[in-house]
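From first to last, the protein sequence lines are chains D and X. If you're matching positions, the first sequence starts at 1 in our numbering and goes up one per residue. If you're matching positions, the second sequence starts at 455 in our numbering and goes up one per residue. All C-beta atoms in this analysis are idealised placements derived from N, C-alpha and C, irrespective of residue type, glycine included.
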Amino acid sequence: MVWLRIDPITRKRFERFRRIKRGYYSFLILLAAMVLSVFAPYLAESRALIVWHQGLPYFPTFEYYTMDTFAQDPPPAWGMGDLETEYLRLQREWRLEGFLYDRELGEMGSSPDALSALDAKYPNHGSFVVMPAIPWDPYQSDFWSNEILNEVDLLLEAGDSEGAEHLARRDGLEELADVIYSGEVRALIADPGRSPTGDLKGLARTGAMPSIAGLGVVPPNAPGWNRRHYLGTDSQGRDVASRLLYGFRISIFFALFLTIFSQVVGTVIGSVQGYVGGRFDIVSQRVLEVLLSIPFLYVVIIMAALFQPSFWLLLGIMALFQWIGITFFMRTEMYREKTREYCLAARSYGASHLRIIFRHLLPNALTPLVTFTPFAVVAAIFSLTALDYLGYGLPAPTPSWGELIDQALQIENRDKLWLTFAPFGALTITLVLVVFIGESVREAFDPKQYAKYE
Amino acid sequence: MTQNASGGGSSPESTAGGGAGSALQGGDALLQVRGLRMHYPVRGGVLGGRIGSIRAVDGVSFSLRKGETLGLVGESGCGKSTLARALTRLETPTAGRVLFEGKDIASASGAELFRLRREIQMIFQDPYSSLNPRMTVGEIIREPLAVHRLGTKEEQLGKVRDLLETVGLGADMVGRYPHEFSGGQRQRIGVARALALDPKLVIADEPVSALDVSVQSQVLNLMVRLQRERGLTYVFITHDLSVVEHVSDTVAIMYLGRIVEQGPVDQIFRSPAHPYTRALLEAIPVPDPRQRKDEAPVKGETPSPVSPPPGCPFHPRCHHAIAECRSTVPELEVMETSGADPAHAHTAACIRRHEI
């Protein structure tokens, strides 16, 4: 088949595109981002990639493991252990066991009796959990920052300073854990200059212990490495980085589906218009103009009022309008190409219409479509983002850039700059990449280049 | 060459042409064109109604015998290329008949037309746009064979190689793309494509006018050699009279959609009858400044084919025009039946053909 093999014009254009470094690298970056977003469940997910427990590997990405599987304690309000394991907590609990094992080993010395006693006390000290790079799924709320000091306070009040130390150390509050372990914490809390309220929350608020100064705040929480929210959390405590990634995944595939669909339909209809020409062309062109004059946003608003907007519904509505622009390109291209002599030659030896369209005309007529594609993709991403921002997009919990922008622009979030920078930064980078690609493609396909000797 | 516009129906060729194909053996008419008209509507007005028509080809008749070459001459816009497209049925004629071995191409359709297309092939003017730039030379030449499902793929590829050798390109060129060739080589590829189906009739629409003069003769000689070897019949369209003199057996001069003079090539060149033919022949540059030009050059521009002048279409530009030329449409009339061969009669469409 002729269009599967790369003909020299296409190869030359591709070579030229590769030589325009800016566009080529932008293309590679965007392609990598798209491929990565396909593997988002391995990059941003609250389930662990691998759990190594008592000599056996577990792969929670593919299977559901209850808390009982790893002997994890259920949350206080739940009596049973048949919930799904909380892997991030599990990872920290097992790290804590490892830490305690090492500390007590250092205190007791490594006699065989001591070793077996420690092994019995800390059965999981050799187990570990490998979490994805972003250990949060996009729907998961994290109120840890708001709650952790209260929990430690409760334990301290109950006199369980060992439990309090373990809890603080489990969640990476080393300084707090150390002062609890050494017993200095009571003196700290009792000092009204350091803690006016006499508890840890007060200690955090005065900033006397810098490592816990940022705690006790309701979401959105600022970016932090302790809870591994690299871009902070949104107002529902969901991880921004994870939502960005999944939002990109949804919008890029939305854009790809939309572009492919509209280009296929637009190409077919535009080609037929241009190839058949005459009265059919004139009539169908008028029909398309009527269709084009329907305001897109109103249709979306009406549809959003009648139905729950879903990925496919929005795709359908947008596809209804997107392909029309493509037909204009294809129609004129076909008009031009069909009068070229190679097409007449094909007709003179009796080639069928389909053969002429697919073997002769389309390979020569698709050029403007290719140069148009990067911009069509970015336009689709932006229209989905805009719809989400306006609230006519995908329903509420779906991760999306538009919804993040909406949160960022809420009056109470104006000082939460990470909420602004993350989606706008992502949009800007995507836009710049696609514009670079589009520019380079256009330049590589520029027919004027052929007029020069190289 | 016979003429059918005026009483030519009684000549032996046209009766044979209208009859069965078996009667056409041995030098009889392969192609007969009768009263061919190609009118394009001119639309206008609020409702886009038909307000007139462009008479690109307006009643052309001729016939052509197997193995001969008809040179079709005329200036730009006289309807030569439209005639070629009507002959190959790239466009459906408005009226008239194109009989190929007795079968009417103008009204054929479906499978019959598909079979006829095998017999009539075309060589195009522009070697740069007549080859699909995204197909290899091998694919370009093989495609007619594939369309008509002639032989297996291996046989077709073998035939492509033979054709490439025949037109003077190496068989190893099959995998190359058109842009790797020069204009003359590309035109050879066009010739090879036209010959792929072993046609009987080849319509060449200005096959060398886009080429360098040095390359023109090579392609012309190739076409003449192929005609000799394969017994091809050519309709050779050109505006270059020296080319016509070189390749043609008979010549037809076209002006504004009509044939104004036709006849054997030596007679036309030796004793042109129509004023337009004379003007064309006078326009051939002669590299001798002392040679006298005895015919005044043609004045004015070619009239619009939308509203051709009444009477003889050439009269506004003709030095010999008289009042009658304005009202009488001249038909092709026999000048002199040179010899006993009515097929090679010299005819001209001019009421003063014997006077001037």
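So, under 8 Å CB-CB, residue i and residue j are touching, yes? Tell me the CB distance rounded to an integer number of Å.
i        : j        : result
Met576/X : Ser348/D : 5 Å
Thr383/D : Met318/D : Reading off the sequence, residue 383/D comes out as Ser, not Thr. Confirmed, about 7 Å.
Pro587/X : Tyr631/X : 7 Å
Arg194/D : Ala204/D : Wrong, their Cβ atoms sit about 10 Å apart, outside the cutoff.
Val628/X : Val591/X : 6 Å
Glu93/D  : Arg11/D  : Their Cβ separation, rounded to whole angstroms, is 58 Å, which puts Glu93/D and Arg11/D out of contact at 8 Å.
Phe254/D : Leu320/D : Wrong, their Cβ atoms sit about 14 Å apart, outside the cutoff.
Val760/X : Ile508/X : 5 Å
Val300/D : Tyr392/D : 5 Å
Ser251/D : Ile429/D : Not quite, the Cβ-Cβ distance comes to about 13 Å (not below 8 Å), so this is no contact.
Pro220/D : Leu419/D : 6 Å
Ala365/D : Ile356/D : Ala365/D to Ile356/D, Cβ: 11 Å. No contact.
Short check: CB of residue i to CB of residue j, under 8 Å?
i        : j        : result
Asp142/D : Gly237/D : yes
Val377/D : Leu256/D : yes
Thr801/X : Gln716/X : yes
Phe311/D : Leu258/D : no
Gly637/X : Asp666/X : yes
Ile50/D  : Phe39/D  : no
Ile707/X : Asp659/X : no
Gln639/X : Leu649/X : no
Trp136/D : Ser242/D : yes
Gly278/D : Met330/D : no
Val698/X : Val662/X : no
Ile776/X : Arg744/X : no
Trp401/D : Ala426/D : yes
Lys654/X : Glu573/X : yes
Ser583/X : Glu341/D : yes
Val496/X : Ile505/X : yes
Leu344/D : Phe568/X : no
Ala133/D : Leu43/D  : yes
Gln641/X : Val673/X : yes
Asp199/D : Asp153/D : yes
Val218/D : Asn146/D : yes
Does any C-beta atom of chain D lie closer than 8 Å to the C-beta of residue i?
i        : result
Val496/X : no
His437/X : Because chain X is modelled from 455 through 810, residue 437/X falls outside the range shown and cannot be assessed.
Asp580/X : yes
Ser584/X : yes
Met576/X : yes
Pro587/X : yes
Arg642/X : no
Phe768/X : no
His798/X : no
Beta-carbon of residue i versus every beta-carbon of chain X: anything under 8 Å?
i        : result
Glu15/D  : no
Ser348/D : yes
Asn456/D : No statement about residue 456/D is possible, as the shown extent of chain D runs from 1 to 454 and does not include it.
Pro363/D : yes
Glu289/D : no
Pro8/D   : yes
Glu341/D : yes
Leu369/D : no
Arg11/D  : no
Leu314/D : no
Phe445/D : no
Leu344/D : yes
Does chain B have any CB closer than 8 Å to the CB of residue i?
i        : result
Arg442/D : Given the protein chain composition of this structure (D and X), no chain B is represented.
Tell me, please, whether the stretch 232-249 of chain D touches the stretch 400-418 of chain D by the rule of three or more beta-carbon pairs shorter than 8 Å.
Per the Cβ contact rule, the stretch 232-249 of chain D is in contact with the stretch 400-418 of chain D (3 or more Cβ pairs under 8 Å).
Which residues, in chain order, does the stretch 651-663 of chain X contribute to contact with chain D at a C-beta distance below 7 Å?
Taking 7 Å as the Cβ-Cβ cut-off against chain D, the residues of the stretch 651-663 of chain X that qualify are Leu651.
Residues of the stretch 521-555 of chain X whose Cβ lies closer than 9 Å to any Cβ of chain D, in chain order
Look at the stretch 521-555 of chain X: the residues with a C-beta under 9 Å from a C-beta of chain D are Arg539, Thr542, Arg543 and Leu544.
Below 8 Å, can you find three or more Cβ-Cβ pairs linking the stretch 529-544 of chain X to the stretch 764-781 of chain X?
Counting Cβ pairs under 8 Å, fewer than three are found: no touch.
Meets three-Cβ-pair contact criterion under 8 Å: the stretch 546-564 of chain X and the stretch 487-502 of chain X
The stretch 546-564 of chain X vs the stretch 487-502 of chain X: in contact.
Which residues, taken in chain order from the stretch 349-360 of chain D, show a beta carbon closer than 9 Å to some beta carbon of chain X?
Listed by position along the chain: Tyr349, Gly350, Ala351, Ser352, Arg355, Arg359 and His360.
Taking beta-carbon pairs under 8 Å, can you tell me which members of the stretch 599-619 of chain X lie near chain D?
Hits within the stretch, in order: Val601 and His602.
Under 8 Å, with one C-beta from each stretch per pair, do the stretch 754-762 of chain X and the stretch 728-743 of chain X reach the 3-pair mark?
No, because fewer than three Cβ pairs between the stretch 754-762 of chain X and the stretch 728-743 of chain X fall closer than 8 Å, the two stretches do not touch.
For the pair the stretch 85-98 of chain D and the stretch 116-131 of chain D, tell me if three or more CB-CB distances fall below 8 Å.
Yes, they touch.
Could you tell me whether the stretch 55-72 of chain D touches the stretch 284-294 of chain D, where touching means 3 or more Cβ pairs closer than 8 Å?
With the cut-off at 8 Å, the stretch 55-72 of chain D and the stretch 284-294 of chain D do not touch.
Of all the residues that make up the stretch 677-695 of chain X, which are near chain D by a beta-carbon distance shorter than 8 Å?
When C-beta distances to chain D are compared with 8 Å, every residue of the stretch 677-695 of chain X stays at or above that value.
Touch test, the stretch 488-507 of chain X against the stretch 673-689 of chain X, Cβ-Cβ under 8 Å, three pairs minimum
As far as the Cβ criterion goes, the stretch 488-507 of chain X does not touch the stretch 673-689 of chain X, which means the pair count is below three.
By the 7 Å beta-carbon criterion, what residues does the stretch 397-422 of chain D contribute toward chain X?
For the stretch 397-422 of chain D, no residue has a beta-carbon sitting nearer than 7 Å to a beta-carbon of chain X.
Hey, is the stretch 556-563 of chain X in contact with the stretch 610-626 of chain X, meaning 3+ C-beta pairs nearer than 8 Å?
Using a Cβ-Cβ distance cut-off of 8 Å, the stretch 556-563 of chain X and the stretch 610-626 of chain X are not in contact, since fewer than three pairs of beta carbons, one from each stretch, lie closer than that value.
With 8 Å as the C-beta to C-beta threshold (strictly closer), list the residues of the stretch 555-572 of chain X near chain D in chain order.
Residues of the stretch 555-572 of chain X with a C-beta less than 8 Å from any C-beta of chain D: Leu567, Phe568, Arg571 and Arg572, listed in chain order.
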